[in-house]
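Chains as they are written, first to last, in full-length UniProt numbering: chain A, 1 to 623; chain B, 1 to 623. Heads up, the beta-carbon is just placed ideally off N, CA and C, and yes, glycines get one too. Here the structure is laid out as structure tokens; the discussion comes afterwards.
Protein chains: 2
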Amino acid sequence: MSPKITTELLKQLRQVMKNPKYVQEPVQAYIVPSGDAHQSEYIAPCDCRRAFISGFDGSAGTAIVTEQHAAMWTDGRYFLQAAHQMDNNWTLMKMGLKDTPTQEDWLVSVLPEGSKVGVDPFIIPADQWKRMSKALRSAGHDLVPVKENLIDTIWTDCPQRPCKALITLDLSYTGVSWRDKIVALRSKMAERKVMWFVVTALDEVAWLFNLRGSDVEYNPVFFAYAVIGMNTIRLFIDGDRMMDPAVREHLQLDSTLEPEFKIQVMPYGSILSELQAVGAGLSPKEKVWLSDKASYALTEAIPKAYRYLTPYTPICIAKAVKNAAETEGMRRAHIKDAVALCELFNWLEKEVPKGTVTEIIAADKAEEFRSQQKDFVELSFATISSTGPNGAIIHYKPVPETNRTLSVNEIYLLDSGAQYKDGTTDVTRTMHFGTPSAYEKECFTYVLKGHIAVSAAIFPNGTKGHLLDSFARSALWDCGLDYLHGTGHGVGSFLNVHEGPCGISYKTFADEPLEAGMIVSDEPGYYEDGSFGIRIENVVLVIPAETKYNFKNRGSLTFEPLTLVPIQTKMIDVNLLTEKECNWVNEYHQKCREVVGAELERQGRHEALRWLLRETEPLARVQ
Amino acid sequence: MSPKITTELLKQLRQVMKNPKYVQEPVQAYIVPSGDAHQSEYIAPCDCRRAFISGFDGSAGTAIVTEQHAAMWTDGRYFLQAAHQMDNNWTLMKMGLKDTPTQEDWLVSVLPEGSKVGVDPFIIPADQWKRMSKALRSAGHDLVPVKENLIDTIWTDCPQRPCKALITLDLSYTGVSWRDKIVALRSKMAERKVMWFVVTALDEVAWLFNLRGSDVEYNPVFFAYAVIGMNTIRLFIDGDRMMDPAVREHLQLDSTLEPEFKIQVMPYGSILSELQAVGAGLSPKEKVWLSDKASYALTEAIPKAYRYLTPYTPICIAKAVKNAAETEGMRRAHIKDAVALCELFNWLEKEVPKGTVTEIIAADKAEEFRSQQKDFVELSFATISSTGPNGAIIHYKPVPETNRTLSVNEIYLLDSGAQYKDGTTDVTRTMHFGTPSAYEKECFTYVLKGHIAVSAAIFPNGTKGHLLDSFARSALWDCGLDYLHGTGHGVGSFLNVHEGPCGISYKTFADEPLEAGMIVSDEPGYYEDGSFGIRIENVVLVIPAETKYNFKNRGSLTFEPLTLVPIQTKMIDVNLLTEKECNWVNEYHQKCREVVGAELERQGRHEALRWLLRETEPLARVQ
């Protein structure tokens, strides 16, 4: 991996930073954040501006270019990668280390007095703008919005913004029509006394209209905004995809409808001017609801007194609670996914000893088996296929330079998932195709104990997920071990594999309480640098729990695993399990046998079925 | 309990709210918070202004009086009490209920346009001022500081501010001299590049100077402020207590000292003008460090650009980590406290069946036994002595109207503690003097399992206490039970029984990480309204833990119980305990026998010793 040479690009950028064609006044610094105009986690190639200017293409990082300096802030996952990908023009700012300055502090230390710091107001979220603007102002500088993105002005071969065909989802997938979703949204708006709601997150637009796209890899979303009034619906979207008869029919664009359900389709690029028009026409007490993560540009379009900002939108919260149709779809998707993985692991068991299977081949094979399943659309994220020391790199993705051959001497960790039209999957299994060492089994078993502790936990209705995080760590902590990531994230229903507002992590306290119907991952791990990685991940559904008592009539919740893939018993040190844990494994495997076994049978996959039956033999605990 | 008649008082208050002698312009509303000028949890009688004006004397509540209304905000612990103590002039605002307006919202709804809302700037913390001022301003009103406290102007028989003699603590108690504490503080100040530190919390002043007082019941503190510069020490304190030769000697007031250790003693009331002088004399980049909970008055004395505000002060953090002398003192105090409780429970066992022991008598007896111990100073909080249904009232304090007689048919909960010159105690035991029901034992055992889960937890260095809270609840949650309070709080060393910055609660995320030497309580419970209450509380010391492995060389921590009082085995359903839990109880009781047994022997308390030996017989677990 050789670094990108950026000398010429930085020169060009520094020129446009002073070019009156693009900036009212010269800016002495320009900030290039990671995101897109929708604050997406995964972004389209045309939005990879920070990677373009610096060469560093990790998922998180912020570049700042001044007249003299170019600096990149990123976190511990990416220190090595960023150092490899960037040339000497760049200074790496290692976030999380004690001596690393914040972006604000660094800017204040390098800028001449009274500087202007530019940023694309469509890319920076309003809450970040506020924080940075305040810090700069108190040091005598100004954060200024630069309407034209300066990277785009020098990015001559910038890819086009994707504008791919849409998929319409009928009631059998969504459970609720888009009209009923609009009705529910308007009732939430009425509760909070707001007149308008601005939908800025791509997955929220997709969910609201029961549409899916493929503008962003792995995330079945499409570039669009929506503005919902009490009597109007405006959808901002480009391309001829609105000409598709199926889409027109789905959205009832050509039907005679009550006016409040008539969708006005407008160009994607007109969102700002339309929102400004809304802002200008507000009467006193008419509020506009936006996410506090919406872009500064859109937030500013609404005069401050009229804004109603919340960390989670009502769509985000409604979307997290899956209805019966979505839950059933997720169950189906996970059964198909398990079929593919049984095939894969059976195949690996045969092929790995030959010494010809690399991490990339294994990942491709996993995709091949998944793609054979009904309603398969694409992967839900880049497959983490890692063996031996690569397993300890938590966000590893095999590339030719690092590609390692699977062997009977190393642990293999596969974290993968897919988008099916009926659901999204995300599963991690850690396997050994030879004989694991006692130490590897010991560590695996602690991770398994943590996985079970969360999966089998019973907790009161209204409990926030972060309160469960320590359950996943307790067995590791007892032996002085731990893992440096959260335990779980929300999972969309044929939508983003990471979604809010719930999760299980020691890091987030802003999560919304868990309720029945929410879906999260349960994925504790253990990683030994330079040696191996272990993670056991199921996607689990929050369900009501039956308990002996019922304090204050609050009711209790627990989890039901949707993922039904055997957990390799060869890796388990049964003597470290309690009886309860042992029973949990046996019951889980019994369910895999019944549910996935029936589907393997139905699909005539007899060899994989035999593999499943062998891998799900009950554990026998020595008393 | 009849309500306080406040018609005349409110009339007087409304008059002074318009009286130009006290207010520059009339105020249309006046806020009376709970606290004192040091944001203390426990306050002196002269600071009980909210109780004076309303009659409601619970520990938490804010009164607001307008020309037409008088309203009291308090939380769920006090709904009943406040309703009983206040007359019809007052509206009770039940905090935590969905329809209860915030103080700001309520003010906006009742005030005429452009109103002034007054508050004593010495009582309101700066962070609260900021929030309220912003909310009022955005609705067109103004929050204004009223220098003279308006309650004091009408409180004709207001008690004097206490000004009691001081206790000096030598190195055998404190481990570190006040000079060394000043040196350490100045080094923290230098690290943060601040020139001045303002000590506003009473326990921080007491800790810094190794002095104790008795101005506030239960808290061995005295009214004082301190301002520490890099070369100066100013102590603001009233009364002739500075004439005490022992205090003068302790503070070396009459010695020839290096100037940077020379303490300037100034009148308590001069803090504001002195701080204003400091504020006026600052050069650019000279910062002044204050807690963000310091009063608005003192915070405003420093121009905004010069303020350095943190949620926890360096003294708060240093004070939390006990040194060897303090830890040894805490151990001694807890042994003496255990002696007193062994005597008490032995006495109760004999007396309760006679039907003559009330909750008040039991509480008094506990105090009597404690007062027989060396270096006893006073109780550390009002004893919670509660039997039967009273046990379910979490902050119960027996008074003649509620005083219940202990019997062999009801559970008895005693939460009590004392201040000894060598340490502070806080212990809860739940006892049955007859035969507990299977259900009572079951609930007790779940609480015990939670207590053990925290006490025996092993966790990485740097873990915040709130991440341990769910361990205490897990056994209760499994059966659908829970308790509605946090699991633990920091405990001072011959200081406040509640102190920051650490704790174990699902509610606080701003706690500082636990480190070896910190001391917290571990007190899960279970409460059944109208029936009984269960709580098992030990004070525990954070100590390094030995673990099999040591991930990233972080090291691990666990807890050592300082409290050594038997947990009633009669209340335990042994079959609900795991082997590990059973061993924990037996080892704990073995330690009580050895350590407290030896002290009972030494003090010649043979009957209590026999009680201890009987109560600490090992549990036998049925396999």
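Does the beta carbon of Met-95 of chain A fall short of 7 Å from some heavy atom of the ligand GTP?
-> In the structure shown, the ligand GTP is absent, as is every other ligand, since no ligand is present at all.
Sort out for me which residues DSSP pairs Lys-71 of chain B with in a bridge.
-> Here residue 71 of chain B refers to the residue found at position 71 when the second sequence is read from its first residue. Checking the sequence, you will find Ala at residue 71 of chain B rather than Lys. B:Ile-64, B:Thr-91.
Near-chain A residues of the stretch 461-477 of chain B - C-beta to any C-beta below 9 Å = Of all residues in the stretch 461-477 of chain B, only Thr-463, Lys-464, His-466, Leu-467, Leu-468, Asp-469, Ser-470, Phe-471, Arg-473, Ser-474, Leu-476, Trp-477 come within less than 9 Å of chain A when Cβ atoms are compared, listed by chain position.
Name, please, each residue of chain A whose Cβ falls closer than 9 Å to the Cβ of Leu-290 of chain B.
-> The residue you call residue 290 of chain B lines up with position 290 of the second sequence. Simply none; closest approach about 18 Å.
Say whether the stretch 497-513 of chain A touches the stretch 386-406 of chain A, bearing in mind that this needs 3 or more beta-carbon pairs closer than 8 Å, one atom from each stretch.
-> The stretch 386-406 of chain A and the stretch 497-513 of chain A do not touch, with fewer than three beta-carbon pairs separated by less than 8 Å.
What did DSSP end up calling Trp-155 of chain B once you bin it into helix, strand or coil?
-> If you number the second sequence from 1, residue 155 of chain B lands on position 155. Residue state, collapsed to three classes: coil.
Output the distance between the C-alpha atoms of Leu-600 of chain B and Glu-615 of chain B, rounded to the nearest integer angstrom.
-> Translated into the one-based positions of the second sequence, residue 600 of chain B becomes position 600. Translated into the one-based positions of the second sequence, residue 615 of chain B becomes position 615. Rounded to whole angstroms, the separation of the alpha carbons of Glu-615 of chain B and Leu-600 of chain B is 14 Å.
What are the uninterrupted segments assigned as beta strand (DSSP E) that are 3 or more residues long and contained completely in the stretch 165-222 of chain B, given in chain order?
-> The qualifying runs are 194-199.
Would you call the stretch 266-283 of chain A and the stretch 105-112 of chain A in contact, with 3 or more CB pairs under 8 Å?
-> Touching, no, given that fewer than three Cβ pairs across the two stretches are closer than 8 Å.
Mind pulling the chain B residues with CB within less than 9 Å of Thr-547 of chain A?
-> Here residue 547 of chain A corresponds to residue number 547 of the first sequence, with the count starting at 1. Trp-477, Asp-478, Cys-479, Gly-480, Leu-481, listed in chain order.
Alpha helix (DSSP H) containing Asp-469 of chain A: first to last residue?
-> Along the first sequence, one-based indexing puts residue 469 of chain A at 469. From DSSP, the alpha helix (DSSP H) with Asp-469 of chain A extends over 469-478.
For Ser-556 of chain A, decide whether its Cβ has a neighbour in chain B, counting only Cβ atoms nearer than 8 Å.
-> The residue given as residue 556 of chain A occupies position 556 in the first sequence. Yes - at least one Cβ of chain B is within 8 Å of the one on Ser-556 of chain A.
Partner residues on chain B for Ile-458 of chain A, Cβ-Cβ distance less than 7 Å | Translated into positions along the first sequence, residue 458 of chain A becomes position 458. Simply Trp-477, Asp-478.
Measuring only between beta-carbons, confirm whether Asn-575 of chain B sits less than 8 Å from chain A.
-> Taking the second sequence and counting its residues from 1, the one referred to as residue 575 of chain B is at position 575. When Cβ-Cβ separations below 8 Å define contact, Asn-575 of chain B makes no contact with chain A.
How is residue 631 of chain B classed by DSSP in three states: helix, strand or coil?
-> This structure cannot settle anything about residue 631 of chain B, because the visible part of chain B is limited to 1 through 623.
Would you say Glu-440 of chain B and Phe-559 of chain B are within 8 Å of each other, going by their C-beta atoms?
-> Along the second sequence, read from residue 1 onward, the residue named residue 440 of chain B stands at position 440. Along the second sequence, read from residue 1 onward, the residue named residue 559 of chain B stands at position 559. No. Outside cutoff.
Counting only the same chain and skipping the five closest in sequence on each side, list residues whose C-beta sits under 7 Å from that of Arg-179 of chain A.
-> In the first sequence, residue 179 of chain A corresponds to position 179, counting from 1. Taken in chain order, the residues that qualify are Phe-261.
Would you tell me roughly how many angstroms separate the C-alpha atoms of Val-165 of chain A and Ile-154 of chain A, rounded to the nearest one?
-> Taking the first sequence and counting its residues from 1, one reaches residue 165 of chain A at position 165. Taking the first sequence and counting its residues from 1, one reaches residue 154 of chain A at position 154. According to the sequence shown, residue 165 of chain A is Ala rather than Val. Distance from the CA atom of Ala-165 of chain A to the CA atom of Ile-154 of chain A, rounded to whole angstroms, is 29 Å.
Determine whether the Cβ of Asn-219 of chain B lies closer than 8 Å to any Cβ atom of chain A.
-> The residue you call residue 219 of chain B lines up with position 219 of the second sequence. False, the Cβ-Cβ gap to chain A never drops below 8 Å.
Between the C-alpha atoms of Pro-311 of chain A and Pro-501 of chain A, what's the straight-line distance to the nearest angstrom?
-> Sequence index remark: in the first sequence, residue 311 of chain A carries index 311 (1-based). Sequence index remark: in the first sequence, residue 501 of chain A carries index 501 (1-based). The straight-line gap from Cα to Cα measures roughly 9 Å.
Leaving out five residues on either side along the sequence, give the residues of the same chain with a beta carbon under 7 Å from the beta carbon of Leu-564 of chain A.
-> Position 564 of the first sequence holds residue 564 of chain A. So the list reads His-334, Ile-335, Ala-338, Lys-591, Cys-592, Val-595, Val-596, once near-sequence residues are dropped.
Using the C-alpha atoms, what's the distance from Gly-423 of chain B back to Asp-75 of chain A?
-> One-based indexing of the first sequence puts residue 75 of chain A at position 75. One-based indexing of the second sequence puts residue 423 of chain B at position 423. Approximately 44 Å, taken between the alpha carbons.
Could you tell me which residues DSSP pairs with Ile-411 of chain A in its beta bridges?
-> Position 411 of the first sequence holds residue 411 of chain A. Ile-411 of chain A is bridged to A:His-432.
What whole-angstrom Cβ distance do Met-330 of chain A and Ile-519 of chain A have, given they're in contact under 8 Å?
-> Your numbering for residue 330 of chain A matches position 330 in the first sequence. Your numbering for residue 519 of chain A matches position 519 in the first sequence. Going by Cβ atoms, the distance from Met-330 of chain A to Ile-519 of chain A rounds to 6 Å, so yes, they are a contact pair.
Quick one: residues in its chain with C-beta nearer than 6 Å to the C-beta of Leu-341 of chain B, no 5 flanking neighbours on either side, listed in chain order?
-> One-based indexing of the second sequence puts residue 341 of chain B at position 341. If we look at Leu-341 of chain B and ignore the five residues flanking it on each side, its Cβ neighbours are Val-565.
Is the distance from the Cβ of Asp-415 of chain B to the Cβ of Arg-535 of chain B below 8 Å?
-> One-based indexing of the second sequence puts residue 415 of chain B at position 415. One-based indexing of the second sequence puts residue 535 of chain B at position 535. Taking 8 Å as the Cβ cut-off, Asp-415 of chain B and Arg-535 of chain B qualify as a contacting pair.
Can you list the residues of chain A that Phe-444 of chain B reaches, using a CB-CB cut of under 7 Å?
-> Locating residue 444 of chain B in the second sequence gives position 444, where the first residue counts as 1. By Cβ distance, chain A contributes nothing, its closest Cβ being about 14 Å from Phe-444 of chain B, past 7 Å.
Check whether the Cβ atoms of Asp-375 of chain A and Tyr-420 of chain A lie closer than 8 Å to each other.
-> Translated into positions along the first sequence, residue 375 of chain A becomes position 375. Translated into positions along the first sequence, residue 420 of chain A becomes position 420. Result yes, Cβ atoms of Asp-375 of chain A and Tyr-420 of chain A sit closer than 8 Å.
Cα-Cα separation, Phe-197 of chain A to Val-540 of chain B | Here residue 197 of chain A corresponds to residue number 197 of the first sequence, with the count starting at 1. Here residue 540 of chain B corresponds to residue number 540 of the second sequence, with the count starting at 1. The alpha-carbon atoms of Phe-197 of chain A and Val-540 of chain B are separated by roughly 51 Å.
Would you mind working out which of B:Met-243, B:Val-357, B:Ala-190, B:Leu-80 sits nearest Lys-285 of chain B, comparing C-alpha positions?
-> The residue given as residue 285 of chain B occupies position 285 in the second sequence. Comparing Cα positions, the closest option is B:Ala-190.
Around the C-beta of Met-243 of chain A, are 16 or more other C-beta atoms found within 10 angstroms, so that it is buried, or is it exposed?
-> In the first sequence, counting from the first residue as 1, residue 243 of chain A sits at position 243. Residue environment: Met-243 of chain A is assigned as exposed (fewer than 16 neighbouring CB atoms within 10 Å of its CB, all protein chains considered).
Residue 624 of chain A to Asp-87 of chain A span [Cα, whole Å] | Because chain A spans 1 through 623 in this model, residue 624 of chain A falls outside it and cannot be assessed.
Whole-angstrom distance between Ile-458 of chain B and Val-205 of chain B, CA atom to CA atom = As a position in the second sequence, residue 205 of chain B is number 205, starting the count at 1. As a position in the second sequence, residue 458 of chain B is number 458, starting the count at 1. Near 34 Å, if we compare the C-alpha coordinates of Ile-458 of chain B and Val-205 of chain B.
Continuous beta strand (DSSP E) assignments of at least 3 residues falling wholly in the stretch 522-564 of chain A = Counting only runs of 3 or more, we get 525-528, 532-535, 538-545, 556-561.
Name, going along the chain, the residues of the stretch 298-311 of chain A whose beta-carbon falls closer than 7 Å to a beta-carbon of chain B.
-> Those would be none; no residue qualifies.
Please name the residue, chosen from B:Leu-495, B:Asn-496, B:His-466, B:Ile-543, that lies closest to Ser-505 of chain A on a Cα-to-Cα basis.
-> For the purposes of this step, residue 505 of chain A is taken as the residue at position 505 of the first sequence. For Ser-505 of chain A, the nearest C-alpha among the options comes from B:His-466.
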